[in-house]
Amino acid sequence: MISRVYHATLFALYQLCIVIGIAAMPLAIAARQAGFTLPIHRILETLETAAEASHN
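Quick note, the sequence shown lines up with residues 1 to 56 if you use full-length UniProt numbering.
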C-alpha cells in the first residue's frame, strides 16, 4: 500500500515539474539571454532517478 502511494507521489511530482517547466519557458528563455539558467533539469533528473530506483 505504501509502495503504491510512493509511486503515485513520485509520478505526481514528476508531472508537476514538467508542467512548471513548460509554464516557466518564457522566464527560462529570458534568464538564458541574461546569462544564467534555471535548474529545472536537475529537479527532473532527481525525480526520474528516484522513480527508476523505486521500480527496481
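Note that the Cβ used here is the ideal one computed from N, Cα and C, for glycine as well.
The model shown is predicted, which means the values in this text are computed figures rather than measured ones.
- A34 and L27 have their C-alpha atoms spaced approximately 10 angstroms apart.
- Using a Cβ distance threshold of 7 angstroms, A50 and L10 count as a contacting pair.
- Scanning its chain for C-beta atoms nearer than 7 angstroms, with the 5 sequence neighbours on each side dropped, one finds around H7 the residues S54, in chain order.
- Secondary structure of F36 (DSSP, three-state): coil.
- In this structure, the CA atom of I18 is about 8 angstroms from the CA atom of L44.
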